[in-house]
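To start, the structure itself, in structure tokens.
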Amino acid sequence: MVNDAHCHFFSRRFFQVLGSGLARLSQERLAEEVTAELQWETPGTPVELARRWMEELDRHQVGRCALIASVPGDEDSVAEAVQAYPDRFVGFFMVDPKAPGAAQRTQEALESKGLKGVCLFPAMHRFKVDQEPARTIFEIAAAIEGAAVFVHCGVLTVGVRKKLGLKSPFDVRCGNPLDLHPVAADHPHLPIIIPHLGAGFLREALMLADLCPNVRFDTSSSNSWVRYCGLSLGEAFRRALSVVGAGRLLFGSDSSFFPRGYQGKVLDDQRAVLEELKVGEEEQEKILGGNFSELFPRA
Numbered sequence: 381m382v383n384d385a386h387c388h389f390f391s392r393r394f395f396q397v398l399g400s401g402l403a404r405l406s407q408e409r410l411a412e413e414v415t416a417e418l419q420w421e422t423p424g425t426p427v428e429l430a431r432r433w434m435e436e437l438d439r440h441q442v443g444r445c446a447l448i449a450s451v452p453g454d455e456d457s458v459a460e461a462v463q464a465y466p467d468r469f470v471g472f473f474m475v476d477p478k479a480p481g482a483a484q485r486t487q488e489a490l491e492s493k494g495l496k497g498v499c500l501f502p503a504m505h506r507f508k509v510d511q512e513p514a515r516t517i518f519e520i521a522a523a524i525e526g527a528a529v530f531v532h533c534g535v536l537t538v539g540v541r542k543k544l545g546l547k548s549p550f551d552v553r554c555g556n557p558l559d560l561h562p563v564a565a566d567h568p569h570l571p572i573i574i575p576h577l578g579a580g581f582l583r584e585a586l587m588l589a590d591l592c593p594n595v596r597f598d599t600s601s602s603n604s605w606v607r608y609c610g611l612s613l614g615e616a617f618r619r620a621l622s623v624v625g626a627g628r629l630l631f632g633s634d635s636s637f638f639p640r641g642y643q644g645k646v647l648d649d650q651r652a653v654l655e656e657l658k659v660g661e662e663e664q665e666k667i668l669g670g671n672f673s674e675l676f677p678r679a
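Under the working numbering, think of the first position of the sequence shown as 381, with each following residue one higher.
Written out as structure tokens, the structure is:
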């Protein structure tokens, strides 16, 4: 059974936060106006959106997935989805460590709301992962059994912001995987997930993972960053497998919005790569679902 380590949960609050800086939109109907401008579906309640995702997983024969609350402060939306369908979803949430109350929100989300993954975007929120206040987030997660930290490294582009004409004042210099080395080494039992195979920092991500066995990669998205490195997707997979093996790769699709729905092509393309590389059936099962189940077992 396939499990997906990377699906975004674009709730009503996500669209409300996204549109809050756009004076041209009605502040009373932000979710509706933002999605209309994007020509996307407006989500209903978190439970309704979760049901929509469950139907998509069924259609693509995917068992479980990680749902990522994709703006800071949206833990409750994903928590509702997970509570409604605990056998299908694992809850992840985004945190800006610099925001007031970030540590308390992280503690509550992991301890009281049933969420499992803390998502850090150092380039987006312009902080260093090896310094405070990010280190406090790692310490909180390390103290809670079953928690993991997802750290987006490398190139970061948010297509929806570009479509809406929003600026993205990110700092890619904050996204070097090597900055994670002292933190990962300090918390050797805390699973740390780097999405998109490092998103352009494959070499640095592999160096980190070789030094820190608690570092894993998710394979999500089309991984268009390979063009920066002169690699094919197959070569990127081959290098990752040669360093970390099949046991530390988690399939991900980077699915996000409707009506597009689940990114089945990503799954098909990555299956084809694994076949091309002659990865054995047992190893493929680990990458496509088994490693996720081991990291996030059903309650």
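We put the CB at the ideal spot given by N, CA and C, even for glycine.
Straight-line Cα distance separating residue j from residue i
| i | j | result |
| --- | --- | --- |
| residue 567 | residue 522 | 7 angstroms |
| residue 441 | residue 576 | 22 angstroms |
| residue 466 | residue 459 | 10 angstroms |
| residue 668 | residue 650 | 9 angstroms |
| residue 421 | residue 411 | 10 angstroms |
| residue 549 | residue 612 | 29 angstroms |
| residue 513 | residue 393 | 25 angstroms |
| residue 499 | residue 638 | 22 angstroms |
| residue 492 | residue 444 | 22 angstroms |
| residue 471 | residue 453 | 13 angstroms |
| residue 407 | residue 426 | 20 angstroms |
| residue 475 | residue 610 | 33 angstroms |
| residue 616 | residue 606 | 7 angstroms |
Paired residues, beta bridge with residue i - DSSP
| i | result |
| --- | --- |
| residue 635 | 387 |
| residue 444 | 383 |
| residue 629 | 597 |
Nearest candidate by alpha-carbon position, reference residue i, set the options
| i | options | result |
| --- | --- | --- |
| residue 501 | 529, 587, 651 and 639 | 529 |
| residue 483 | 652, 519 and 406 | 519 |
| residue 558 | 606, 531 and 661 | 531 |
| residue 700 | 472, 570, 438 and 632 | Not covered by the structure: residue 700. The range shown for the chain is 381 to 679. |
| residue 433 | 673, 641 and 661 | 641 |
| residue 733 | 384, 659, 611 and 677 | Missing from the structure shown is residue 733; the chain here goes from 381 to 679 and no further. |
| residue 563 | 600, 588, 407 and 410 | 588 |
| residue 429 | 449, 443 and 661 | 449 |
| residue 630 | 416, 617, 622 and 599 | 599 |
| residue 677 | 615, 605, 552 and 496 | 496 |
| residue 579 | 423, 553 and 395 | 553 |
| residue 546 | 414, 386, 672 and 387 | 414 |
| residue 386 | 660, 647, 405 and 656 | 647 |
The beta strand (DSSP E) enclosing residue i, as first and last residue numbers
| i | result |
| --- | --- |
| residue 528 | 528-531 |
First and last residue of the uninterrupted alpha helix (DSSP H) at residue i
| i | result |
| --- | --- |
| residue 622 | 613-624 |
| residue 671 | 671-675 |
| residue 412 | 410-418 |
Contact test: residue i Cβ vs the ligand PLP heavy atom, cutoff 6 angstroms
| i | result |
| --- | --- |
| residue 448 | Summarising the ligand content, the structure contains no ligands, and the ligand PLP is consequently not present. |
3-residue-minimum beta strand (DSSP E) runs that sit fully inside the stretch 572-604, ordered along the chain = 572-574 and 595-598
Can you give, in chain order, each stretch of the alpha helix (DSSP H) that sits fully within the stretch 449-519 and has at least 4 residues?
-> You should have 455-464, 482-491 and 502-505.
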